[in-house]
Each structure stands twice: as structure tokens, then as C-alpha cells.
Amino acid sequence: MAANAMAPPHHQLLTQVARMFPDALFYAPTKAPLVALTIDDVPTPGDRDDRSTRMILDALDTYNRTAKQPVHATFFVITDHLNPGSTILQDILASGHEIANHGTTDTTPAILQPAQFARHFQEAHDRITDLIQQPLRWYRPGRGLYNRAMVEHIRLAPGYESLVALASMVPFDTMRSLSTPHLNTWYLAQFIFPGAIFVIHGGSMERCVQTAYALPTLLALIDRQGYRAVTLSELYDSLLIDSSAKPTAETPAAPPPPHPPQPPVPPSQPPA
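Given below as C-alpha cells:
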């Protein structure tokens, strides 16, 4: 791509948003051909065998069997969605993926009082870490909304990165009237650039089916454009090579480099 090429308008908007909200991570300022794949709202409540979440995990495992380079994702867990006796978190880790904190319930924590938020945050953290026996690095608030008290609490939480984990796009795969595997893939493809953070959803059978059907096409498209999907921690840690590039609240992320989107091949539609 020519050096003087114009960045797509949504890249310019993303840069402006990141500067307005320096306490959040919208993308990683890197030239490395990496994007982070994050999956929210897992597992599905009431799905005793976690069949729905396993559809996403199976889609990733199937892709990795023939991939030149394996892809990894960060699964943001809502702890009230966990089913008794489930091993889904351990299975996610065993497949090489990452677990992160998405709170206790599928609500908006930004409306809570500071003490309430602290309680919910710690409850989710404790339940996840008791199950996986590993530290957590990332917290993503429900609805993508946060406030100053939340940021200050996260910064004091041992092991957590100081930035709130957000994404490079506003997802709409939770909107039933708009969401299809084809449309989701096309939309996400517009945000393939070095350091992009993708977000797609589980949390219900319908969403998991759509995500599982969209993933093979999306991942193949990412690969064809010379990128690799990694966990959020892998993407963030790639910035250690150039510590000056690592964003903090005091040094916000640099603008993402321009990248021309390419239309994806429509994925197979899920069964009716």
C-alpha cells in the first residue's frame, strides 16, 4: 500500500475515540501482522454440557488442525453463566486460549456504586481463578462502559493490566435483527489492521451457532491478508519489543496504520 494512502474513515474515528478515552485499549499500536480475537459472554447459562460454547471451541480447533499458524482467542467469562460441574474453562485453556474477566452478570457495571463494582469484580475474579488456578490479566466491562472508579479499582487489582479491554469496533452480533454469519464476517473484515482487537459473542445457543459458522471464513480471510489471530495478551505482549509503543493512560495508543479491507467469501449459513 502506498505510504500516502488515506486511512479509512473508521480508522480515523477509532484514533479519535482512543485519544478521548485513554484508560481503555481499543487496539495495539503495532506494525506486527497480529490481531486479537476476543469472545464475550461465555459460557451459555443453562447449557449444562456447554454444547454451545464448545461449538466455538470446536470451530477454532478444527481451523487449527490445518492452519499454517495456530490461532488463539481470549474468552471473556461471565461467572453467573458458568454451569455446575463444567470443565469448559479448563478445556478452553487446554486448547491454548486465554480466559479473562467479564464480570458476574450480563449487565452494565458502570451504573454500580464503586463498592458494588468492587464486590462484583472480585467475585468474578475469585470464581474464575478458583476454577483455572491461573492469574487473570484483562477485564472487559459489560456494554463497553466504564467510569473513573472502575479504572482506579482495576489498576489496583493484582495481575491486571491497567487498561480496560475494549475493541476496535462496536459489535452488533448481539442484535438478532441484524446478525448473520455472512454479515458478521463482512463487518469484522473492515477492521483488519495491525493491532486490531476483534470482539464476537457467545452466551446463547443462537450467538454461538452464528459465531461458530462465521469463524472459519473470518480466520481464513485474516490469514490470506497476512495476519494471525492471537489472544489479547499475546497482542499486548508483542509491544514489549518496542516498549515506547505500549499504550497506557498517560501515553495513549498511536493511530492504527491504514489497511484496505477486502470483501470476504460468504460463509456457509447455519442450519435452520
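Under UniProt numbering, the first residue of the sequence shown carries the number 1, and numbering increases by one thereafter. All C-beta atoms in this analysis are idealised placements derived from N, C-alpha and C, irrespective of residue type, glycine included.
Residue of the options minimising C-alpha distance to residue i
{"i": "V164", "options": "F172, I154, P171", "result": "I154"}
{"i": "L240", "options": "T30, R65, S179", "result": "T30"}
{"i": "D106", "options": "A28, D41, G46", "result": "D41"}
{"i": "S233", "options": "Y160, L13, Y146", "result": "Y160"}
{"i": "I99", "options": "L37, A157, P45, L112", "result": "L37"}
{"i": "S142", "options": "P33, H201, T231, M20", "result": "The residue you asked about is not Ser; residue 142 is Gly in the sequence shown. Comparing Cα-Cα distances from G142 to each of P33, H201, T231, M20, the minimum goes to H201."}
{"i": "I128", "options": "D50, S162, Q90", "result": "Q90"}
{"i": "L112", "options": "A94, L145, Q12, L82", "result": "L145"}
{"i": "I56", "options": "P22, H97, G226, I132", "result": "H97"}
{"i": "G46", "options": "H81, Y27, A32", "result": "H81"}
{"i": "I192", "options": "M169, N147, P22", "result": "M169"}
{"i": "L25", "options": "V151, Q133, Q122", "result": "V151"}
{"i": "R176", "options": "R207, T66, A67", "result": "R207"}
{"i": "N83", "options": "A67, R48, H10", "result": "R48"}
Strand pairing of residue i, partner residues [DSSP]
{"i": "T38", "result": "T74, V199"}
{"i": "E98", "result": "T74"}
{"i": "L178", "result": "Its beta-bridge partners do not exist; DSSP assigns none."}
{"i": "A24", "result": "V164"}
{"i": "Y139", "result": "N101"}
Whole-number beta carbon distance between residue j and residue i, since they are thought to touch under 8 Å
{"i": "residue 279", "j": "P109", "result": "Residue 279 is absent from the model: the chain starts at 1 and stops at 272."}
{"i": "R228", "j": "Q69", "result": "5 Å"}
{"i": "L218", "j": "L188", "result": "6 Å"}
{"i": "T211", "j": "I39", "result": "7 Å"}
{"i": "T53", "j": "W138", "result": "Actually they are not in contact, since the Cβ atoms of T53 and W138 sit about 18 Å apart, beyond 8 Å."}
{"i": "T79", "j": "M205", "result": "Incorrect: roughly 19 Å between the Cβ atoms, too far for contact."}
{"i": "T231", "j": "H125", "result": "At roughly 18 Å, the Cβ-Cβ gap does not stay under 8 Å, so T231 and H125 are not in contact."}
{"i": "L14", "j": "Y27", "result": "7 Å"}
Residues near residue i in its chain [Cβ-Cβ closer than 6 Å; skip 5 each side]
{"i": "D167", "result": "Reading off the sequence, residue 167 comes out as Ala, not Asp. Within the same chain, A167 has close Cβ partners I197, V199."}
{"i": "L178", "result": "F172"}
{"i": "V17", "result": "none"}
{"i": "S86", "result": "D50"}
{"i": "S162", "result": "R155"}
{"i": "R140", "result": "F76, H102, A165"}
{"i": "T174", "result": "H201"}
{"i": "G226", "result": "P33"}
{"i": "I88", "result": "P43, D50, T53"}
{"i": "E123", "result": "T104"}
{"i": "H10", "result": "none"}
{"i": "N147", "result": "A110"}
{"i": "A157", "result": "none"}
Spatial neighbours of residue i in its chain, beta-carbon cut-off 7 Å, leaving aside the 5 residues before and after
{"i": "A32", "result": "P194, S238"}
{"i": "D61", "result": "S95"}
Cut-off 8 Å between Cβ atoms - residues of its own chain near residue i, not counting five sequence neighbours on either side
{"i": "A149", "result": "P114, F117"}
{"i": "L131", "result": "L82, L89, Q90"}
heavy atom of the ligand SAH below 7 Å from residue i C-beta
{"i": "K68", "result": "With respect to the ligand SAH, the structure shown offers nothing to examine, as it has no ligands at all."}
Fully enclosed by the stretch 80 to 130, which alpha helix (DSSP H) runs are 4 residues long or longer?
List check, alpha helix (DSSP H) in window: 88 to 94.
Taking only runs that begin and end inside the stretch 199 to 240, name each unbroken beta strand (DSSP E) of 3 or more residues, in chain order.
Correct list: 228 to 230.
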